[in-house]
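In my numbering, the protein residues as written are 19 to 201.
Structure follows, in structure tokens:
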């Protein structure tokens, strides 16, 4: 009996530079070696309690939406405290038997802070102001970090890093969704 092929896809890249944060995501969703959709939207703008937050997700869409809803609830309980809301989400994700089964990762920002939130209980702030997740995440991360010392803007770096990831990773395409927050 053959195994059901896994869903693949998604590269999300977040860049913080020059008073702005950009989160970019590609649009590809693949099942095995077949592209199912090329225009998925994996970057969202949230406004819990009137605060602007941008978030990108990699992994199962239903799982990611569950996490985004939980994050919004945490942000409503702790307005303007993204770090605290992310830590509370990560704690729940790590300890709740239902949430433990969720297969997704998030990159979130309020324009000031930039975090990667994982199901392992991690809330990580990137050292070099570039974060990336998903199947092409390592390619986008390396490309983004290499461009941080140039005169490129956060958006230019995110776009170029995503283009490089799309050229290398077969589960990443060049159909981008970008969201930006300025401080």
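The beta-carbon is built from N, C-alpha and C at its ideal position, and this holds for glycine as well.
| Check | Outcome |
| --- | --- |
| Given 8 Å, three or more beta-carbon pairs between the region 46 to 63 and the region 95 to 106 | no |
| Which of helix, strand or coil DSSP assigns to residue 29 | strand |
| Start-end ranges of the beta strand (DSSP E) lying completely within the region 50 to 116, minimum 3 residues | 52 to 55, 61 to 64, 71 to 77 |
| Length of the line joining the Cα atoms of residue 140 and residue 71 | 19 Å |
| DSSP beta-bridge partners of residue 34 | 39 |
| Per DSSP, the bridge partner or partners of residue 142 | 134 |
| Residue span of the alpha helix (DSSP H) that contains residue 121, given as start and end | Element bounds for residue 121: n/a, residue is neither H nor E. |
| Buried/exposed call for residue 119, threshold 16 Cβ in 10 Å | exposed |
| Pairwise C-alpha distance: residue 67 and residue 100 | 12 Å |
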